[in-house]
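Protein chains in written order, with our numbering: chain A, 4 to 278; chain B, 147 to 302. C-beta: ideal position from N, C-alpha, C; glycine also. Keep in mind that this is a model prediction, so the values were computed, not measured. Data first, discussion second: the structure below is written as structure tokens.
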């Protein structure tokens with residue numbers, strides 16, 4: 004392959020993996036980033052418009068469908084949409100009942116939101132990788148990465164939300180003293196081992212949101228990269244790899260949404276438990 | 147991979163969606179599910195109760211039928227017995243009546259015979275006197291021989 008071809012391949016991959024970033028550039032001021040370098044130079048005070056837009060759109064889609072089904076919900080024979088929605092709701096309810104051992108009516112709706120929202124965001128992956136960037140470049144938008152969960156900001160953002168809930172319920176259920184005691188006296192209940200326990204427990208506490216975020220992001224990002232690589236094959240050969248990968252991703256998409264949800268429920272269950 | 151404000155934005159979106167779901171999405175669906183569950187449970191309960199009732203009713207009907215059959219046969223038997231008894235009674239009555247009639251007739255006949263005998267006896271005594279009168283041609287003093295004649299008549 005010629006050097007030019009290599010450059011264009013690298014550019015293609017980078018382009019497809021670049022978010023549409025709006026932020027304060029040291030030179031250009033408040034603007035959209037026109038390259039990956041500009042996006043990096045914007046630092047923390049920038050926002051990925053595509054990630055936010057698509058994730059909020061998926062969230063609204065979830066709210067809209069489920070609210071509609073909920074409003075029309077009857078105790079009689081359910082229709083098609085209601086049936087599907089109720090199936091998901093019951094699935095989540097059973098999951099929560101079997102995994103969550105405390106008493107908190109807010110856990111099940113939280114799990115439902117996480118599961119369906121992440122599932123919808125992940126499902127955007129099934130769309131061909133070129134559609135987003137090509138369509139939006141026709142509209143004059145440089146970058147468009149339509150799968151929010153391939154952006155570490157999105158997954159880490161949700162995981163931070165979960166982390167906040169973990170801390171909140173730990174303090175609420177156990178009190179400050181109880182939580183401190185749990186951090187310092189488990190797993191080894193001896194005063195001499197308090198520093199060791201503290202290090203262990205705080206690390207394991209902090210690892211929770213990161214493992215949540217990285218697992219989802221890693222799976223989705225890797226899958227996306229593979230899709231992009233497959234998309235660079237000659238057009239008549241793409242389907243040979245793309246179709247099996249996409250079918251496999253129907254599983255991955257669901258599984259990752261499920262794992263995120265289950266782990267959230269498990270973490271919150273642990274936050275409700277006294278030791 | 148740059149960490150930026152998107153992180154905060156996503157956390158805020160997460161919080162809002164979760165809040166909305168807790169407040170407005172979950173309750174109606176959950177309520178409908180619970181209510182339907184209750185309804186179905188009630189329906190199943192009612193169905194099983196109805197089945198039990200039906201079984202009970204069938205059993206009762208069978209029992210009633212059996213009882214009434216028994217009663218009918220009992221009544222029939224009683225009637226048979228009663229009729230036999232009645233026939234027996236009638237027969238007995240008829241026999242007694244017959245016997246009574248026979249006895250009556252016999253006693254009447256005896257009475258008649260006795261009367262005839264008496265009459266005969268009187269007539270014989272009269273005839274004897276008349277005969278003796280004829281034989282003797284003498285006038286036998288009836289009064290004088292009365293005692294003798296009576297004795298004679300008694301001997302007849």
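- The C-beta of residue 155 (chain B) comes closer than 9 Å to at least one C-beta of chain A.
- According to the DSSP assignment, residue 252 (chain A) belongs to no beta strand (DSSP E) but to the alpha helix (DSSP H) extending over 241-275.
- Between residue 96 (chain A) and residue 179 (chain B), the C-beta spacing is below 9 Å.
- Neighbours of residue 178 (chain A) in chain B, taken as residues at a C-beta separation under 8 Å, are lacking, since the least C-beta distance is about 24 Å.
- For residue 179 (chain B), the chain A residues whose C-beta falls within less than 7 Å of its own C-beta are 89, 92, 93, listed in chain order.
- Judged by DSSP in its simplified three-state form, residue 38 (chain A) adopts coil rather than helix or strand.
- For residue 148 (chain A), the number of other beta carbons within 10 angstroms of its own is at least 16, and it is reported as buried.
- For a cut-off of 8 Å, the C-beta gap from residue 132 (chain A) to residue 230 (chain A) is around 5 Å, short enough to register as a contact.
- Below the 7 Å Cβ cutoff, chain A contributes 164 as neighbours of residue 161 (chain B), in chain order.
- Neighbourhood of residue 182 (chain B) in chain A, by CB distance below 7 Å: 78, in chain order.
- Residue 69 (chain A) has no beta-bridge partner at all, per DSSP.
- Counted as a single uninterrupted DSSP element, the alpha helix (DSSP H) harbouring residue 181 (chain A) occupies residues 155-188.
- Under a 10 Å Cβ-count criterion, residue 254 (chain A) is classified as exposed, with fewer than 16 other Cβ atoms of the shown protein chains found around its own Cβ.
- Taking the Cα positions, residue 245 (chain B) is about 30 Å away from residue 225 (chain B).
- Residue 231 (chain A) has a beta carbon lying at 9 Å or more from every beta carbon in chain B.
- DSSP places residue 33 (chain A) within a strand segment (E or B) once states are collapsed to three.
- The beta carbons of residue 89 (chain A) and residue 72 (chain A) sit closer together than 9 Å.
- Against chain A, a Cβ distance below 8 Å from residue 175 (chain B) picks out 69, 72, 73, 76, 88, 89, 92.
- A straight line joining the alpha-carbon of residue 276 (chain A) with that of residue 184 (chain B) spans about 31 Å.
- DSSP places residue 50 (chain A) outside any alpha helix (DSSP H); the residue lies instead in the beta strand (DSSP E), whose first and last residues are 49-51.
- A contact is defined here as three or more CB-CB pairs under 8 Å, and the region 67-86 of chain A fails this definition with respect to the region 45-55 of chain A.
- For the region 61-117 of chain A, the full-length alpha helix (DSSP H) segments reaching 4 residues or more read 83-102 along the chain.
- When C-beta atoms of the region 104-120 of chain A are compared with those of the region 160-177 of chain B, three or more pairs fall below 8 Å, so the two segments count as touching.
- Bounds of the alpha helix (DSSP H) holding residue 277 (chain B) are 172-282.
- A:203 is the residue among A:101, A:203, A:180 whose C-alpha sits nearest the C-alpha of residue 191 (chain A).
- Shown here, residue 238 (chain A) sits in coil according to DSSP, grouped into three states, outside any helix or strand.
- Taking C-alpha positions only, residue 251 (chain A) is separated from residue 216 (chain A) by approximately 21 Å.
- For residue 191 (chain A), the three-state secondary structure derived from DSSP is coil.
- In the three-state reduction of the DSSP assignment, residue 19 (chain A) falls in the helix class, which pools H, G and I.
- Put simply, the CB of residue 58 (chain A) is near chain B, with a gap under 9 Å to one of its CB atoms.
- Here residue 158 (chain B) is exposed, its C-beta having fewer than 16 other C-beta atoms within 10 Å.
- Below the 9 Å Cβ cutoff, chain A contributes 78, 79 as neighbours of residue 185 (chain B), in chain order.
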